[in-house]
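Numbering (my numbering), first residue to last: 4 to 308.
As C-alpha cells, the structure follows; a few thoughts come after it.
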Amino acid sequence: MRKEFVRLMLEMGGKEERLVILAGDISVFGLREFRKNYPERFYNIGICEQSMMSMASGMALAGLIPVVHSIAPFVTERCFEQIKDDFCYQGVGGNIVSVGSAFDYSGLGCTHHTYSDIAILRSLPNTEVVYPSSPKELEVLFKQSFDNGKLTYFRLPERKHTQQIDESIIKFGRGVVIKDGIDITIVVSGPQVDNAAKASATLKKDGIDAEIIYIHTIKPMDKELIIESARKTGKVLTVEEASIRGGLGDEVSMVLGELGNIEMYRMGVGDKFITDYGKYDDLCRSSGLNEEEIANKIRSIVANE
C-alpha cells in the first residue's frame, strides 16, 4: 500500500501543482522522485508531527492541498489538538495519509499501535475517514476526495485484501456488497474482509448464508446499504482492526439505532491495550480477529435465535 501511495503522489504531483507533501521522517526514500521533480512541494519535517500538522493547515489556508504523511499513531493521536484547532475548527481541508494501522507494526508495541485513530477522527466536525485496503481503492478514493474541502484521513494498512472489486463500483462514501446472504450481515473494514469471506465460505457448509458488506469509507457511511441489508437479515456483525469503541461498529450502531428489531454485534479490539508480541497474524489471533473466530461468533449468534 505504501508503494501505491508513492506512485500515486508522483502521478498527482504532475497533475495538481497545488499538492504538497509533508512527511514525518518516513517514506523519504520512496518519495525521492517526487522530491526531485517538485522540490518546492516536498517537506520532510522530521519527528515534529504537531508542528507538521499546523504547517499543513497554514499551507491549506494559503491555497495549497497538503498531504500529511506519517505512522498512524504519530499523525493522529500525537497531534490531535492541532487537527482539532488548526484544521477542523477553522474548516480547513487537507489530507492525512497514515501507514502502520492498528497493530501492523506488531513487534514494536503500544507506541506504534493505534486502535483509536478512527474513533478520534470520526469525533471531529469537517472530517472524513477512509480505509482503503487495495492499491486501486487508494487511487480511486484519493482522486475522488483529495480536494473536497474536508480533512480526509486515509488509513493505509500494510496488507492489502485479495477481493476482486471492479473499479467502477469503488465510490467514495459507498459500501461494496462482496457476497449476498439472508441469515446475517457482516459489515467489515480493512484486510479483515478476507477473513470474513473465508468464514462465510465455512459457514455455508453449516447452512448459514452470510451477507458481506465491505466498507472502505467509514465517514461518511453508506447508511442506505447497511439499512437495506440489516432489514433483510435482521442481524449485523461488524468486524474491524480497530477499537470497538468509536470505530466502524459504533458508526453502524448509530445507523441502525432507530430501526429497532436488529440484533447488533461487534468484533474488534476491546477496551484494552494489546500487550502480546508476535507477528501480525499472532495479534489478530489473540484479538479474536481471524477466520475461525468470526465463524464461531456467527454460529453462536445464529444458535441463539
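No residue lacks a Cβ here, since even glycine has one placed at the ideal position from N, Cα and C.
Keep in mind the model is a prediction, meaning the values are calculated, not measured.
Query                                                                                                                                                                            : Result
Tell me whether the beta-carbon of L124 lies closer than 8 Å to the beta-carbon of T117.                                                                                         : no
Sorted by chain position, which residues of the same chain lie with C-beta nearer than 7 Å to F83's C-beta, five sequence neighbours on each side aside?                         : I123
Taking the runs of the beta strand (DSSP E) that are 3 residues or longer, which of them lie wholly in the region 72 to 115?                                                     : 97 to 102
Where does A65 fall in DSSP's three states?                                                                                                                                      : coil
Does P76 pass the burial test, meaning 16 or more other C-beta atoms within 10 Å, or should it be called exposed?                                                                : buried
Thinking I221 and V239 are a contact (beta carbons under 8 Å), I'd like their distance in whole angstroms, please.                                                               : 15 Å between Cβ atoms; not a contact.
At the level of alpha carbons, what is the spacing between A59 and L25?                                                                                                          : 7 Å
With DSSP run on the structure shown, which of helix, strand or coil describes G271?                                                                                             : strand
Going by the beta-carbon positions, is the gap between I189 and E214 smaller than 8 Å?                                                                                           : yes
Could you tell me which of Y46, G152, I187 and S137 sits nearest to D197, measuring between CA atoms?                                                                            : S137
For the alpha helix (DSSP H) containing F37, list its first residue and its last residue.                                                                                        : R35 to N40
Write down every uninterrupted run of the beta strand (DSSP E) in the region 185 to 216 whose length is 3 residues or greater and which is fully enclosed by it, in chain order. : 187 to 191
Residues in the same chain with beta-carbon distance under 7 Å from K282, minus the five sequence neighbours each way, listed in chain order, please.                            : S109
Consult DSSP for T236 and reduce its assignment to one of helix, strand or coil.                                                                                                 : helix
Please list, in chain order, all residues of the same chain as M62 whose beta carbon is under 7 Å from its beta carbon, the five residues on each side excluded.                 : V23 and P69
Cα-Cα, which of S290, Y134 and M224 is closest to L259?                                                                                                                          : M224
Under a three-way DSSP split, which group does I181 fall into?                                                                                                                   : strand
Within 8 Å, do at least three Cβ pairs link the region 157 to 169 to the region 98 to 113?                                                                                       : yes
Tell me which residue opens and which closes the alpha helix (DSSP H) that Y156 is part of.                                                                                      : Per DSSP, Y156 belongs to no alpha helix (DSSP H); it is in the beta strand (DSSP E), L154 to R158.
My understanding is that L141 touches M4, with C-beta atoms under 8 Å, so please give their C-beta distance in whole angstroms.                                                  : 7 Å
Please name the residue or residues paired with S246 in a DSSP beta bridge.                                                                                                      : V272
Can at least three beta-carbon pairs, one atom from the region 239 to 249 and one from the region 88 to 96, be found at a separation below 8 Å?                                  : no
In terms of residues, what are the limits of the alpha helix (DSSP H) holding K9?                                                                                                : For the record, residue 9 in the displayed sequence is Val; it is not Lys. That run of the alpha helix (DSSP H) goes R5 to K18.
On a CA-only basis, which of V71, F45, D186 and E43 is nearest Q53? Give me that one, please.                                                                                    : V71
For K300, does the count of other Cβ atoms within 10 angstroms reach 16, so buried, or fall short, so exposed?                                                                   : buried
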